[in-house]
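Take a look at the structure set out below.
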Amino acid sequence: MHTAFFLLLGSSLTRFLMRHPGEPRTPWIIALSVSLALLYVLGPVIGARPTAPRRLAWLILVVAVWVVLVVLAPSFAWCAVPLFYTGLRTLPPRAALFLVAVLTAFVVVAQLQLAGRFDPNLLLAPPAWAAVATAVFLYMQRQAARQRELIDDLIRTRRELAAIERREGTLAERQRLSMEIHDTLAQGLSSQQMLLQAADRVWDTDPVKARTHVRTAESITEHGLAEARRFVHDLAPADLADGGGVAQALRALAERESDAGLTVRFHAEGTPVPLPDRVSSALLRIAQGALANVREHADATTAALTLTLLDDQVVLDVADDGRGFAPPPSSGPASPAGVRGHGLPAIRARAGQLGGTLTIESAPGEGAVLSVSIPLPAPPSAPLTNPLEPPS
512 MHTAFFLLLG
522 SSLTRFLMRH
532 PGEPRTPWII
542 ALSVSLALLY
552 VLGPVIGARP
562 TAPRRLAWLI
572 LVVAVWVVLV
582 VLAPSFAWCA
592 VPLFYTGLRT
602 LPPRAALFLV
612 AVLTAFVVVA
622 QLQLAGRFDP
632 NLLLAPPAWA
642 AVATAVFLYM
652 QRQAARQREL
662 IDDLIRTRRE
672 LAAIERREGT
682 LAERQRLSME
692 IHDTLAQGLS
702 SQQMLLQAAD
712 RVWDTDPVKA
722 RTHVRTAESI
732 TEHGLAEARR
742 FVHDLAPADL
752 ADGGGVAQAL
762 RALAERESDA
772 GLTVRFHAEG
782 TPVPLPDRVS
792 SALLRIAQGA
802 LANVREHADA
812 TTAALTLTLL
822 DDQVVLDVAD
832 DGRGFAPPPS
842 SGPASPAGVR
852 GHGLPAIRAR
862 AGQLGGTLTI
872 ESAPGEGAVL
882 SVSIPLPAPP
892 SAPLTNPLEP
902 PS
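The opening residue of the sequence shown carries number 512 in the working numbering; numbering runs sequentially from there.
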């Protein structure tokens, strides 16, 4: 619109100078044209710091200079086209429509004066064009307002979703950290407490056994310290840090958990394959949690860890010959009332995060078997080859 205004103003001035050279009003026309151009240029400057009175005063002054120009030279009437949009942008709707009507009337009068005779086209075309231009502008304005509302709603919705995701992420991270702490530091401290209490009970009667308990507690403390440092850095299990795989980590766990009161054996079945880090970490944490429950609640003398690698899943079985218990329903509450700890819910949650399942087989006096099954991603399919093509 700005470019159109200056083009129309320049063409109108050129037309006047070509058809009316040397007239007494020519200097006034040139001065008014330059003044109108300068005033129009001030519009964006005023618009940078918009205030209603200043914008209104600027618009009145521009229209007044244009009216004087049209009175002196009717050929300047077509400069009203950009002024339509200027008024529609600046004034309230009713005042803008009134201004458009006034400008249109001046255009009609100026064109009839230039024609020198009555022409129905000159009487009807400018109002029709002004009506179409006004309708298009108002429609675009409503569409722009609706678009701004939609953008505001979208931004608000995205902020709400981001806040919800942050809250959910925070809760998930808290749950994950609680399980990590339960399966590492808490279990190590619990084992140390039990060993030190056992050493204290036999300190005078069996010093050799007491020192054995103390050394075992020291070994657990050393491993717990390594877990704590790894926990601080990247929360990865210390047993998996050397890259030996989950089977080696479970075997080391079985050896570390074995003592005079509990013998833990490890057995692996299936073809060893590299497992995703999340699966390996979850299996090790599940085994740690299950053995901690066995040591603390089962009163068992033997436990067995069995890792079975299948084509589409990996299964970890933890069995013990302890006193057993009545398994809680998988769809029921996380822990029955009065049961201390949250080892089984944590194990079920870990398996569920990877799409796995937890199965418990136990009865009072018959030991327990805890089985966790986690699906594995399908291996990438081999590229098809032409059966008629000889092997390379």
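Every residue gets a Cβ at the ideal spot worked out from N, C-alpha and C, and that includes glycine.
Run the CB neighbour count on residue i, radius 10 Å, all protein chains shown included, and call it buried at 16 or more, exposed below.
i	result
N632	exposed
A568	exposed
I666	exposed
E729	exposed
Y596	buried
K828	Residue 828 is actually Asp in this sequence, not Lys. It is buried - the Cβ of D828 has at least 16 other Cβ atoms within 10 Å.
A862	buried
E671	exposed
G521	exposed
A646	exposed
G835	buried
G866	exposed
V552	exposed
V611	buried
G598	buried
T727	buried
Rounded to the nearest angstrom, how far is the Cβ of residue i from that of residue j, given a contact under 8 Å?
i	j	result
L572	L602	Incorrect: roughly 14 Å between the Cβ atoms, too far for contact.
M905	A857	Residue coverage of the chain in this structure runs from 512 to 903, which leaves residue 905 outside it and unanswerable.
V757	L688	21 Å between Cβ atoms; not a contact.
A771	T723	7 Å
I731	Q703	5 Å
F517	A548	7 Å
R765	L696	The displayed chain sequence assigns Ala, not Arg, to residue 765. With a Cβ gap of about 20 Å, A765 and L696 do not count as contacting.
L736	D823	With a Cβ gap of about 38 Å, L736 and D823 do not count as contacting.
G876	A803	Going by Cβ atoms, the distance from G876 to A803 rounds to 21 Å, so no, they are not a contact pair.
If I follow the unbroken beta strand (DSSP E) through residue i, where does it start and stop?
i	result
V829	Q824 to D831
P886	A879 to P886
A815	T813 to L820
Ends of the alpha helix (DSSP H) at residue i?
i	result
V777	Sequence inspection shows Phe at residue 777; the Val mentioned does not correspond to that position. No alpha helix (DSSP H) contains F777, which is instead part of the beta strand (DSSP E) from T774 to E780.
T868	No alpha helix (DSSP H) contains T868, which is instead part of the beta strand (DSSP E) from T868 to S873.
L706	Q698 to R712
D939	There is no way to answer for residue 939, as the model of the chain reaches only from 512 to 903.
H513	H513 to R530
P593	A591 to T601
R905	Residue 905 cannot be examined here, being either before or after the span of the chain that is shown, 512 to 903.
G863	G854 to Q864
A765	G756 to E768
Just the C-alpha distance for residue i and residue j, rounded to the nearest angstrom, thanks.
i	j	result
D663	R657	10 Å
P585	V618	8 Å
Q708	R677	44 Å
R872	G878	In the sequence as presented, Arg is not what sits at residue 872; that position holds Glu. The alpha-carbon atoms of E872 and G878 are separated by roughly 9 Å.
G833	R669	53 Å
R785	T868	The sequence given here has Pro at residue 785, not Arg. About 21 Å.
F609	T615	10 Å
L580	F527	11 Å
T870	T774	23 Å
G533	M651	45 Å
V825	A809	25 Å
A814	R767	13 Å
I541	R605	34 Å
E780	A673	45 Å
P838	A874	8 Å
R628	L634	11 Å
A575	A621	15 Å
R685	R789	17 Å
L570	A636	25 Å
A639	H531	30 Å
C590	W577	8 Å
L661	R565	31 Å
S792	D694	11 Å
R776	Q864	27 Å
V545	L649	31 Å
CB of residue i to nearest heavy atom of the ligand PLP: below 8 Å?
i	result
A862	The model on display carries no ligand, and the ligand PLP is accordingly not part of it.
Three Cβ pairs or more, each shorter than 8 Å: is that satisfied between the stretch 877-890 and the stretch 787-805? These segments touch.
Answer yes if the stretch 678-689 comes into contact with the stretch 646-661, meaning at least three C-beta pairs across the two stretches below 8 Å, and no otherwise. Contact fails: fewer than three Cβ-Cβ distances are below 8 Å.
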